[in-house]
Amino acid sequence: MNERTVEITLTGVTFSYGPLPCLHNLSLSLQPGTLYGLIGPNGSGKSTLLDIIGGFARPQGGRVTIGGRRLESYSRGELARLIGVVPQSFTLNFDYSVEHVVLMGRYPYLKRFSGPSPEDLHQVRHALELLDIAKLAERPVRTLSGGEKQRVMVARTLAQDTPVILLDEATANLDIKHAISIMHIMAKLVKNSSRTVVAALHDLNMACAYSDQIIALYGGKLVASGTTEATISPALIETLYQVPVTITAGTDDTPQTINYRYH
Ligand code: ADP
Ligand code: MG
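Under our numbering, the first residue of the sequence shown carries the number 4, and numbering increases by one thereafter.
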C-alpha cells in the first residue's frame, strides 16, 4: 500500500475561464488524515477547485504546492501516484470490462512492457469487492446503470491507491446504501492510513456525518472553513443556499443534522 502522505497548500489562488472570474484569492491548507467536505451551490467553483488541486486547471494567480513542491513541477505520472480523482461527469461507453477499467487505476504503477503485478491485481480485486461490483467484473462497462458506473469510477480511484483522493459529487447518483458505503470507506482510509479526501457534496447531512472539516464556497470565494461542528450553522446554509434551516446538534453517536423547511 502507498504509505505516502502529503500536505497541499493553496495560496491566493485565482482562476478565470476566459474573461469570467471563477475563483478569487483562495487560500487553503489540506492536511493528511482529514476528510474535507466541499460545499456550496451550483456554480460556486467546487469542480474548478478540484480541477486545480488535481492539476487539470492552472490558476492564473497564486500558488499550489503538494508536499512542499510547486504543483507544476510534477509530471502527469507523478501526480497520478499522488492524487486520485472521481470526476463529476465521465463517459464510459467503451467495450472494456469493469475489471479492466478498475485496472486502469494501476496504470501509473505499471512498468513499461510488463503486465500487472500481483500487487496490482490484489488492489483491483480489493477495490471491486469494497465497491460491491466484484460480481460485475466481466461485464462491459457500457452495459451498467449510472450508479454502477459511478461505483466503477470510485473503485478505479481506490485501486490507484493515492494519498489524496478528490471526489466530485461521487455519491450523487447512488442509492443511500452505496452512498453511505463510499463515504464510510473514505472515512476509514482517512483514519487508518492518513489519506487526504476532499469530497464535493450536495447532501449536507452526508457532509455533516463524514467531514472532519468543511470548505464552503460561494461565488468563487471561500466563505467559511474549519471543523464541521464549528462551521455548519443555519446562517452559513442560508448564505450558501438561501434556504432556512434548523440544526439538531450531534451526540456521541449521531452527527449533527440539518432540517430543511419545505414549502
Ligand atoms: P460547481 O462545481 O460548484 O457547480 P464549477 O466549478 O463547475 O462550479 O463552475 C464555477 C463557475 O465557472 C460557474 O459559473 C460555471 O458556469 C463556470 N465554468 C465552469 N466550467 C467552465 C468552462 N469550461 N468554461 C466557462 N465557464 C465555466
Ligand atoms: Mg461541480
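Idealized CB from N, CA, C, for every residue including glycine. Note that this is a predicted model, so its numbers are computed, not measured.
Asked: Under DSSP, the alpha helix (DSSP H) around Ile185 begins and ends at which residues?; Found: 179 to 196
Asked: What did DSSP end up calling Asn176 once you bin it into helix, strand or coil?; Found: coil
Asked: At what residues does the beta strand (DSSP E) containing Asn262 begin and finish?; Found: 260 to 263
Asked: The alpha helix (DSSP H) that contains Tyr39, what's its start and end?; Found: Counting along the chain, Tyr39 falls outside any alpha helix (DSSP H), though it belongs to the beta strand (DSSP E) covering 37 to 42.
Asked: Would you mind giving the Cβ-Cβ distance between Arg109 and Val127, rounded to the nearest angstrom? I have them listed as a contact below 8 Å.; Found: 7 Å
Asked: Per DSSP, Val248 forms a beta bridge with which residues?; Found: Tyr263
Asked: The ligand MG heavy atoms versus the CB of Ser32: any closer than 6 Å?; Found: no
Asked: If you reduce the DSSP assignment to three classes, tell me which class Pro24 lands in.; Found: strand
Asked: In the DSSP assignment, find the beta strand (DSSP E) that holds Leu170 and state where it starts and stops.; Found: 167 to 171
Asked: Kindly provide the ranges of any alpha helix (DSSP H) runs that are 4 or more residues long and lie completely inside the segment 199 to 233, ordered along the chain.; Found: 207 to 213
Asked: Going by the CB atoms, is the gap between Leu38 and Asp215 shorter than 7 Å?; Found: yes
Asked: Is Lys224 a contact residue of the ligand ADP, with contact defined as CB to any heavy atom under 6 Å?; Found: no
Asked: Say yes only if the C-beta of Ser50 is nearer than 6 Å to one or more non-hydrogen atoms of the ligand MG, and no if none qualify.; Found: yes
Asked: Just to confirm before moving on: does the CB-CB distance between Gly53 and Leu169 stay below 7 Å?; Found: Residue identity differs from the one stated: residue 53 is Leu in this sequence, not Gly. Yes, they are a contact pair.
Asked: Output the distance between the C-alpha atoms of Gly149 and Pro247, rounded to the nearest integer angstrom.; Found: 32 Å
Asked: Could you tell me which residues DSSP pairs with Val89 in its beta bridges?; Found: Leu170
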